[in-house]
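Since the structure comes first, as structure tokens, the remarks are kept for the end.
Residue numbers (the numbering used here), protein chains in the order written: chain A, 770 to 1166; chain B, 20 to 426.
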């Protein structure tokens, strides 16, 4: 019978203004405060606040036996502080129940691991700092943006002081092995790896309200039965926190599911564990990820962000700007540049399945990947010109 | 079917579309009797391009009616169409003005309808609507009216009320209407008061001939200069003036960009003047009307094709451009924008947005390549084949046929 490790990701990007060619050099703001404020407020009301309430309630009722982990990016924390302080307070209250472990990641939910290890380390430290400031805890387990992980990254994660990392339980890596065990990194022995059980995670994250799915309607008891039947030492359910109330609307019954699920698991004798508890255990073996793997799409690779020419061009452009932006010493400019490193910006440029109108489209504020690219490159051009002119953002504000 | 034949030089999509439909119908196993006006004096190559070299295609019967009618005829332009006949001394054979000629054509169409066996009559846009109604009166068979564009699309505020009247009559006389997009279906419902459930939407298809293109001939312009293409009738509807304004702005960002205007029309003189005013005389190239091979060549040498149409019920040029792998900027409210994903979609009046797209495409080869490859892949999907549109059209035929027989 497996123990259960639940982790949810909380993230919102700084979405860009509709920044036009003719806006370059006009000091127009790069980020769309109106849209960002509106979205964060909406997600706070529909998801964060009600989900936090359900979970805090479950933790208290279970006397601490129900426990879980969250990872909250710096970009969403900044926006909550600004536009939804009540939601931030509700996260703080949830963490203060003692039932929630917070994980470490890059502050900007960026692809810096794939581009620049110095920047990566800097963003991880920034994230640690904001988590300590707002929640008074220090993360010891790491999850990289979209669970992107490969052998080459493991030593860096270990050197930053983490005991373990969350990874995708991708078939191409696990092969015949079950994700329901604790493994270690082949390239950094000592670093524990927790592999996501993607089927049982996506049953909730993606398929919960899909009426064409044979498992529909998914009840807490049904899901607990499946977890129980999965065997192994520990089942790792990793999903987006926005699943609760945003991707799956309240009307689908997702909150009722969430409220009944802990008891349904406990009734079958399964216990809840934090990632850091699992990282104390001995690994059953080691896993090797020869190439970057993620939790996205069917491919489980990085092609959702770096799959086409547009995305590579935009990604290269932003990291090529790093040196001159840092050299400017302008804090506002550096912050803006880092917000541009958020992976969502290149995700919007994904053309995989675009013609079929799929999940990528749902998350994008743009009409098409091409519009996303044009706006992003315009901002990069403006940022480059401002950093060169030495005007920076002081002049902009 | 009362359709249109290719003129020697392509003036618009109507002939391409009706002949594509005929081809698709024959491919789908239907029998077609096609009636087309034929300018006996102007053209030295009678016959349809879709008929094989020996002059026969199985399932197809073609009737040519000698007439100077052309699919984009205007009352004012009719005397010009008559010029070759005047020279040849056959002037008296034809109507004195456009209206008389259309009626004469309709009477001859009725004669053919009396002789040729058929189950359903189809006619394409207002000039052939009277022919369709006349055939319907004589044979008693149901009439399907294909609507590709209305007078409001072609001329906007300058719409000719007599043409609008004839469109109204044709659309109301028809038993069923096939519209080539939701855009034009709305137009027919709102402007002509036709019941929405009488209209089927069938988007146009295109022949998948890209693979058979010959070797790419070198561009006549310096290879290092990127080309921005406008291809279409140089008339109010197609927005060539917006193209010229965008050209002026793009030049500020990409000084070596060149602009090709392929097509003719009443706005051409004004456009040439404006190019000179903008200081672009040596940057804008007026190519005139192109034949089919030249059209493909124009697409393939261009970095982007811009369609700033004020009104574009469908916009076949968009499909043709993508088929050649040339990224396209489509009018936001157009039929082609309803079916294509891998393209920019811009309002014709939004010159800044259009400029931005062109500049981005010219400056970023990755954007160009992505749009080119995915656009081409998209257009290769089976839903864009002629047979797919033809099958849907045949469904509309069958529906009116069943009703006419009381089934």
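Even glycine gets a Cβ: it sits at the ideal position worked out from N, Cα and C.
The model shown is predicted, which means the values in this text are computed figures rather than measured ones.
According to DSSP, simplified to helix, strand and coil, what is residue i?
| i | result |
| --- | --- |
| residue 917 of chain A | coil |
| residue 360 of chain B | coil |
| residue 65 of chain B | Reliability fails at residue 65 of chain B, whose pLDDT of 45 lies under 50, so the model's placement of it is uncertain and no value is given. |
| residue 324 of chain B | strand |
| residue 1002 of chain A | coil |
| residue 349 of chain B | strand |
| residue 391 of chain B | helix |
| residue 277 of chain B | strand |
| residue 978 of chain A | coil |
| residue 418 of chain B | helix |
| residue 1057 of chain A | coil |
| residue 775 of chain A | strand |
| residue 912 of chain A | strand |
| residue 987 of chain A | coil |
| residue 1050 of chain A | coil |
| residue 837 of chain A | strand |
| residue 99 of chain B | helix |
| residue 206 of chain B | helix |
| residue 1081 of chain A | helix |
| residue 1155 of chain A | helix |
| residue 37 of chain B | helix |
Around the Cβ of residue i, are there at least 16 other Cβ atoms within 10 angstroms (buried) or fewer (exposed)?
| i | result |
| --- | --- |
| residue 275 of chain B | exposed |
| residue 352 of chain B | buried |
| residue 408 of chain B | buried |
| residue 426 of chain B | exposed |
| residue 913 of chain A | buried |
| residue 1067 of chain A | exposed |
| residue 236 of chain B | exposed |
| residue 212 of chain B | exposed |
| residue 778 of chain A | buried |
| residue 938 of chain A | buried |
| residue 960 of chain A | buried |
| residue 1030 of chain A | buried |
| residue 803 of chain A | exposed |
| residue 794 of chain A | exposed |
| residue 65 of chain B | Only weak support is given to the placement of residue 65 of chain B: the predicted model assigns it a pLDDT of 45, under 50, and the question is left unresolved by the model. |
Looking at the secondary structure, which residues open and close the beta strand (DSSP E) in which residue i lies?
| i | result |
| --- | --- |
| residue 958 of chain A | 957-965 |
| residue 424 of chain B | It is not in any beta strand (DSSP E) - residue 424 of chain B carries neither H nor E in the DSSP assignment. |
| residue 52 of chain B | 51-57 |
| residue 139 of chain B | That residue, residue 139 of chain B, is in no beta strand (DSSP E); it is neither H nor E in DSSP. |
| residue 937 of chain A | 933-937 |
Mind pulling the chain A residues with CB within less than 8 Å of residue i?
| i | result |
| --- | --- |
| residue 371 of chain B | 789, 790, 791 |
| residue 364 of chain B | 1136, 1137 |
So with CB distances below 7 Å, who are the chain B contacts of residue i?
| i | result |
| --- | --- |
| residue 1143 of chain A | 375, 376, 379 |
| residue 1078 of chain A | 385, 388, 389 |
| residue 954 of chain A | Going along chain B, no residue has its Cβ under 7 Å from residue 954 of chain A, so there is no contact; the nearest lies around 34 Å. |
| residue 1082 of chain A | 383, 385 |
Using 9 Å as the threshold, is the C-beta distance between residue i and residue j below it?
| i | j | result |
| --- | --- | --- |
| residue 223 of chain B | residue 335 of chain B | yes |
| residue 776 of chain A | residue 839 of chain A | yes |
| residue 245 of chain B | residue 323 of chain B | yes |
| residue 107 of chain B | residue 87 of chain B | no |
| residue 861 of chain A | residue 805 of chain A | no |
| residue 248 of chain B | residue 318 of chain B | yes |
| residue 1052 of chain A | residue 918 of chain A | no |
| residue 321 of chain B | residue 283 of chain B | no |
| residue 397 of chain B | residue 359 of chain B | yes |
| residue 333 of chain B | residue 143 of chain B | no |
At a CB-CB cut-off below 9 Å, which residues of chain B make contact with residue i?
| i | result |
| --- | --- |
| residue 1146 of chain A | 379, 382, 383, 386 |
| residue 912 of chain A | The contacting residues do not exist; residue 912 of chain A stays about 30 Å from chain B at best. |
Which chain A residues sit within Cβ distance under 9 Å of residue i?
| i | result |
| --- | --- |
| residue 338 of chain B | Those within 9 Å of residue 338 of chain B in chain A number zero; the least Cβ separation is about 14 Å. |
Please list the terminal residues of the continuous alpha helix (DSSP H) segment that includes residue i.
| i | result |
| --- | --- |
| residue 785 of chain A | First-last for residue 785 of chain A: undefined, no H or E at that position. |
| residue 925 of chain A | 923-928 |
| residue 845 of chain A | 843-852 |
| residue 250 of chain B | That residue, residue 250 of chain B, is in no alpha helix (DSSP H); its beta strand (DSSP E) goes 246-250. |
| residue 110 of chain B | Note, residue 110 of chain B: premise wrong, no alpha helix (DSSP H); not H, not E. |
| residue 828 of chain A | 818-830 |
| residue 296 of chain B | 287-296 |
| residue 1032 of chain A | 1023-1036 |
| residue 897 of chain A | 886-904 |
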